[in-house]
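What follows is a single structure, written as structure tokens, with notes after it.
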Amino acid sequence: MKQVLIQLLADDLPLAALTLAELGMFSPGGGDDFSEQFPDVPGTRYRELYHQACTRLQKIESHITLRPLGPLAHTRVIGEQELATTNDWLGEVWERCSSFEEHFRRLTDEEHMLGQLEQTLDNFAALNFDLSRLRGERLFLDLHIGMLPSVNVPKLREAIALADYLLFNYMENTDHTHVIILGPKGAREQELRSVLDTAGFHALEIPPELDDEPQRIQGDLRQRRDALANERATRRQAMQTCGDELRTQLEQSRDRLIMAEPFVAMEDAARNRGQLGIISGWIPERELKRTESALRRRLDGPFRITATTPPRTRHRDVPTYLPVNWLTRAFSTLVKQYGVPRYGEINPTPIFAVSFIAMFGMMFGDAGHGGVIILAAWLGRKRLKSFTPFAICAGLSTSLFGLLYGSLFGYEHLFQAVWIPPLSDPLYMLRMALFWGIGFMVIMSLLYIHNQLVSGEISHALFATNGVVSVTLYLSVLTGIYRFVNTGQFGLLPAGLSLAALLALLAFKLIETQAPPGERMLVAGIETFETLTGYISNTLSFLRVAAFSLNHVALAIAVFTLADMMEGTGHWLMVIGGNLFILILEGAIVTIQALRLEYYEGFSRFFSGDGQEFKPLTLSLQGVK
Amino acid sequence: MNPIASQTYLKTRTSVMSGRLIDDAAFEAMLQEPLPRLEGEFGLTGISERGLSEAELNRHIERGLIHSLMQELSILLRPLGGTARDILVYWSRKFELLNLKALIRGKLNHLPYDQIRESLHSLPPLISLPHETLLRTENVPELLRQLEQTPYEAIARQARRVYEEKNESFSLDATIDHRYYTGLLRHARHCDAADQAPLLKLIGSLIDRQNLPWLLRYRLNYALSPSETYYLLIPSGRHLHTDLLKQLVNMQEMARILEALPEPLNSRLAGLRQIMEVEQSLTDDLNRQARKCLQLSPSAVARSLAYMMLREMDLRRVFAIIQGRVLALDPQLIRQAADLGRGVPGV
Numbered sequence: 048m049k050q051v052l053i054q055l056l057a058d059d060l061p062l063a064a065l066t067l068a069e070l071g072m073f074s075p076g077g078g079d080d081f082s083e084q085f086p087d088v089p090g091t092r093y094r095e096l097y098h099q100a101c102t103r104l105q106k107i108e109s110h111i112t113l114r115p116l117g118p119l120a121h122t123r124v125i126g127e128q129e130l131a132t133t134n135d136w137l138g139e140v141w142e143r144c145s146s147f148e149e150h151f152r153r154l155t156d157e158e159h160m161l162g163q164l165e166q167t168l169d170n171f172a173a174l175n176f177d178l179s180r181l182r183g184e185r186l187f188l189d190l191h192i193g194m195l196p197s198v199n200v201p202k203l204r205e206a207i208a209l210a211d212y213l214l215f216n217y218m219e220n221t222d223h224t225h226v227i228i229l230g231p232k233g234a235r236e237q238e239l240r241s242v243l244d245t246a247g248f249h250a251l252e253i254p255p256e257l258d259d260e261p262q263r264i265q266g267d268l269r270q271r272r273d274a275l276a277n278e279r280a281t282r283r284q285a286m287q288t289c290g291d292e293l294r295t296q297l298e299q300s301r302d303r304l305i306m307a308e309p310f311v312a313m314e315d316a317a318r319n320r321g322q323l324g325i326i327s328g329w330i331p332e333r334e335l336k337r338t339e340s341a342l343r344r345r346l347d348g349p350f351r352i353t354a355t356t357p358p359r360t361r362h363r364d365v366p367t368y369l370p371v372n373w374l375t376r377a378f379s380t381l382v383k384q385y386g387v388p389r390y391g392e393i394n395p396t397p398i399f400a401v402s403f404i405a406m407f408g409m410m411f412g413d414a415g416h417g418g419v420i421i422l423a424a425w426l427g428r429k430r431l432k433s434f435t436p437f438a439i440c441a442g443l444s445t446s447l448f449g450l451l452y453g454s455l456f457g458y459e460h461l462f463q464a465v466w467i468p469p470l471s472d473p474l475y476m477l478r479m480a481l482f483w484g485i486g487f488m489v490i491m492s493l494l495y496i497h498n499q500l501v502s503g504e505i506s507h508a509l510f511a512t513n514g515v516v517s518v519t520l521y522l523s524v525l526t527g528i529y530r531f532v533n534t535g536q537f538g539l540l541p542a543g544l545s546l547a548a549l550l551a552l553l554a555f556k557l558i559e560t561q562a563p564p565g566e567r568m569l570v571a572g573i574e575t576f577e578t579l580t581g582y583i584s585n586t587l588s589f590l591r592v593a594a595f596s597l598n599h600v601a602l603a604i605a606v607f608t609l610a611d612m613m614e615g616t617g618h619w620l621m622v623i624g625g626n627l628f629i630l631i632l633e634g635a636i637v638t639i640q641a642l643r644l645e646y647y648e649g650f651s652r653f654f655s656g657d658g659q660e661f662k663p664l665t666l667s668l669q670g671v672k
Numbered sequence: 572m573n574p575i576a577s578q579t580y581l582k583t584r585t586s587v588m589s590g591r592l593i594d595d596a597a598f599e600a601m602l603q604e605p606l607p608r609l610e611g612e613f614g615l616t617g618i619s620e621r622g623l624s625e626a627e628l629n630r631h632i633e634r635g636l637i638h639s640l641m642q643e644l645s646i647l648l649r650p651l652g653g654t655a656r657d658i659l660v661y662w663s664r665k666f667e668l669l670n671l672k673a674l675i676r677g678k679l680n681h682l683p684y685d686q687i688r689e690s691l692h693s694l695p696p697l698i699s700l701p702h703e704t705l706l707r708t709e710n711v712p713e714l715l716r717q718l719e720q721t722p723y724e725a726i727a728r729q730a731r732r733v734y735e736e737k738n739e740s741f742s743l744d745a746t747i748d749h750r751y752y753t754g755l756l757r758h759a760r761h762c763d764a765a766d767q768a769p770l771l772k773l774i775g776s777l778i779d780r781q782n783l784p785w786l787l788r789y790r791l792n793y794a795l796s797p798s799e800t801y802y803l804l805i806p807s808g809r810h811l812h813t814d815l816l817k818q819l820v821n822m823q824e825m826a827r828i829l830e831a832l833p834e835p836l837n838s839r840l841a842g843l844r845q846i847m848e849v850e851q852s853l854t855d856d857l858n859r860q861a862r863k864c865l866q867l868s869p870s871a872v873a874r875s876l877a878y879m880m881l882r883e884m885d886l887r888r889v890f891a892i893i894q895g896r897v898l899a900l901d902p903q904l905i906r907q908a909a910d911l912g913r914g915v916p917g918v
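So the sequences go chain by chain: A and B. Take any residue in the first sequence, count from 1 to its spot, add 47: that is its number in our numbering. Take any residue in the second sequence, count from 1 to its spot, add 571: that is its number in our numbering.
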């Protein structure tokens, strides 16, 4: 990765940004380093216009569906004036969409109100009462019929009692209560209206015909409901028509915003002082020449690219380029779930891919199940997208280990195992898992040592928890134990190496720990002990690789035992159902266990995951969201 | 953690944390302390040297102090679950309601995006609204439509009604505050029986501090009717019960209202002539109640809430001191802003 500084004319900044975005190999950054020489960051208003226009477009897209984004046929720089015009136009379109939205909301409210009114009228119609008494002006009585949110009723009842009004509720539904409010006519009517408004009171009109022609009222209400439904349909149609009319223009606006985005995404990486401008950022070394020739083709004015290798002290600020292809994309995604390696650290994706797939196969080995996984992955490739190769690899590994274990859908006698059926010698399987774990741990520690050396942390590479001394301690203790098991003696060399490594570790921890002497001794002692126990417990963790391969066979035996209790169709249904059960349940568990081993026993040993991913400028509406 | 262990843990935690509360002597010392050291103590190192504008400075200091308050809240929340956790989280929503009011006021007054954004506090995701989405709305109805998609839906619906009926921010603010305090009471009533009484007592004092100044303002400054004033008050405080509030809203003079208050409010507020003085005296009373609750309450949740309330009051005073000192204001003015020299109760 190279840190580049492109010096050019300030007027060429937008075109250079666009060109770099087209190449898709430049990540802006490090603008602060040049803030003294180039104090101005151009495009403040441009950025504001762009953000507003993007927000408007996004909101409009929730009403008008645009066609999927295709490659831009011709790119050009979008000027501030053109962007302002686009933003204004999008503002007008959004205003139309917003008024549609508001209108739909009102229609929903009206439908709700209509429902409430229907309930009220049904309620009144069932009463043996002269409804004309509830209508019109009265000489001495101020009377209101309506509804309000149920939560406001108790408080309103008390509040209007202060103005000598009474409140009666006659019907309640989910969140509203229907009430009658009455009190003496006079000076306090205005006072009541104000408090009713505050409480969200909605008056309900009692139609005069309710007494003698209830059928007509029902008909009227039905008509009003139909009218609302018609209005909704008409509005929706209008929105549709509006969308059809505006779609092309909206897509053109989207294209303009895409072309405007690179300059916006530059933020303070694009700077200027008068007519002189700079762009600073990061480019993978192999892309430098292509970048330079592309800029030469597009820019009329003079420019100069300076590329420098970032010093070790700045490695934390350098983005890490993680190249991916169709095969490694899913593995890379899983690695990034843990974190991004720092610049200079080894990219763990290839190691992760190989070891994860191998462990998945070891734990789930079955030729038939592997075939099913491959088939399912292929059939579901549209849903799985980049995870299709991942699932196919897992299926292939499962099949390969199925051949090695001699297992096909749990049947262990259909063909001869190339290697060994797991249940024939469980202790051998556990030993193999242990050896796999030891190899895995040593490789992870070597990666840690490499990463520390790259960062210039030589003392950590030698003496830290996963450094050279720790690996020596780990291997010497393992050798000693192996000798002890086989010969009854730990051995002088392993013992001497173990002791020397332990003392070296303790000394390093004592130097590293910043605390008063007593606490320093305690912390260093515990941490040294923890290094040793950590290695051992992490190694033992790998026993699960063998345990799950045994578990797989044991589950198959359980399925066949159950199937053998039945005959004919029942037997085969049990075999198929049991295999599906093993595939889904054990498949999920094995995936989680393999990931767990990778993350906790692997990644946590050699990379911190606090790096920054290299995110190049591209022509899309994603970069600044 | 089982309930007994979490209660014990929380009581110990609040007891340890109460050591962070600041007494008047410490506030006095802050006035003399070198500014860089004072900034460092509250995680605001170098704030005075960045050449920030007054608005930026306010925002930075306020954000820093709210951040430390939220960090302390997250420590207290760890052992809690269910209703006890809910009430502390709900209490902290007051800061987001400040944002909500700023957003609504900004949209009502057609303020530009940057100006509204500057006035918003940055809060943890647990209680935060989607600021960016709300800021990008272009008018109040759109803002309210967006709000209806958030946990503040109920407030948004009520705010819409008030906006459509009255179309001004005072009523919206009153509605939002009313909803908040009513919700706080409701949460307290849903807590376990053992926590309920001390929580209601503490929240009652908080509500009294809100209700009385509101009552005075609504009746005397805004000339609202007794029934509307009563409607806008929160149902039950500690000393100001429903029946008393009904009597008070019918009075038209401040002196008469203060005379009609029960003890101990009556003697504490007697003779005051300004609503601000009443508010200040009630704040002192709340401070006293919260400290008592923090030391003696049998409920760990009530102690935690009391601690958070006290810590907020303290940090507001710290904010006033740091702000005043960075802006090199007159020391007397800073003392006044930080409520120093009035004998505010200490630890």
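Built from N, CA and C at the ideal position, the CB exists for glycine as well.
Within chain A, the residues placing a beta-carbon under 8 Å from that of residue 813 of chain B are 205, ordered along the chain. Spatial neighbours of residue 817 of chain B in its own chain (CB-CB distance under 7 Å, excluding positions within 5 residues in sequence) are listed in chain order as 801.
Taking all protein chains shown into account, residue 558 of chain A has fewer than 16 neighbouring C-beta atoms within 10 Å of its C-beta and is therefore exposed.
Residue 639 of chain B places its beta carbon 8 Å or farther from that of residue 598 of chain B. According to DSSP, residue 837 of chain B shares a beta bridge with no other residue.
DSSP, read as helix, strand or coil, puts residue 616 of chain B in coil. Excluding its 5 nearest sequence neighbours in each direction, residue 197 of chain A has C-beta neighbours in its own chain below 8 Å: 219, 222, 223 and 224, listed in chain order. The beta carbons of residue 368 of chain A and residue 331 of chain A sit closer together than 8 Å. Judged by DSSP secondary structure, residue 49 of chain A falls within the beta strand (DSSP E) whose first and last residues are 49-56. If the five residues before and after residue 64 of chain A are omitted, its C-beta is found closer than 6 Å to the C-beta atoms of 309, 310 and 313, all from its own chain and listed in chain order. Pairwise C-beta distances place the region 154-174 of chain A out of contact with the region 119-132 of chain A, as fewer than three of them are shorter than 8 Å. Around the Cβ of residue 373 of chain A, a 10 Å sphere holds fewer than 16 other Cβ atoms; the residue is exposed. For residue 169 of chain A, the closest of A/337, A/268 and A/208 by C-alpha to C-alpha distance is A/268. Sequence-distant partners of residue 199 of chain A (beyond 5 residues in either direction) whose C-beta falls short of 7 Å from its own C-beta, in its chain, are 246 and 247. Put simply, of B/910, B/907, B/894 and B/864 the residue whose alpha carbon is nearest the alpha carbon of residue 619 of chain B is B/894.
Beta bridge pairing from DSSP links residue 215 of chain A with A/227. From the beta-carbon of residue 141 of chain A, the residues of chain B found nearer than 8 Å are 709. Look at residue 473 of chain A here: in three-state DSSP terms it is helix. Between the alpha carbons of residue 349 of chain A and residue 57 of chain A lies a gap of roughly 11 Å. Counting only the Cα atoms, residue 580 of chain B lies some 15 Å from residue 876 of chain B.
Restricting attention to alpha helix (DSSP H) runs no shorter than 4 residues, the region 457-506 of chain A encloses them at 473-501, ordered along the chain.
Neighbourhood of residue 209 of chain A in chain B, by CB distance below 8 Å: 797, 798, 801, 817, 820 and 821, in chain order. Taking C-alpha positions only, residue 434 of chain A is separated from residue 711 of chain B by approximately 44 Å. Secondary structure of residue 81 of chain A (DSSP, three-state): helix.
Per DSSP, residue 327 of chain A is one residue of the beta strand (DSSP E) stretching across 323-330. Inclusion of residue 488 of chain A and residue 578 of chain A in the CB contact set at 8 Å is not warranted, their separation being larger than that value. Residue 639 of chain A carries a helical assignment under DSSP once its states are collapsed to helix, strand and coil. Its chain contains 53, 54 and 55 as the residues whose beta carbon lies nearer than 8 Å to that of residue 351 of chain A, once the 5 sequence neighbours on both sides are disregarded; these appear in chain order. One Cα belongs to residue 346 of chain A, the other to residue 339 of chain A, and the distance between them is close to 10 Å.
Three or more beta-carbon pairs separated by less than 8 Å link the region 622-630 of chain A to the region 413-427 of chain A, which places the two stretches in contact. The Cβ neighbour count for residue 215 of chain A, taken over all protein chains shown within 10 Å, is under 16; the residue is labelled exposed.
Classified as exposed, residue 460 of chain A has fewer than 16 neighbouring CB atoms from the shown chains inside 10 Å of its CB. The three-state secondary structure of residue 350 of chain A, taken from DSSP, is strand. Three or more beta-carbon pairs drawn from the region 88-101 of chain A and the region 130-144 of chain A are found closer than 8 Å, and the two stretches are therefore classed as touching. The C-beta distance from residue 599 of chain A to residue 648 of chain A rounds to 21 Å, too long to meet the 8 Å contact threshold. No Cβ of chain B is located within less than 8 Å of the beta carbon of residue 300 of chain A.
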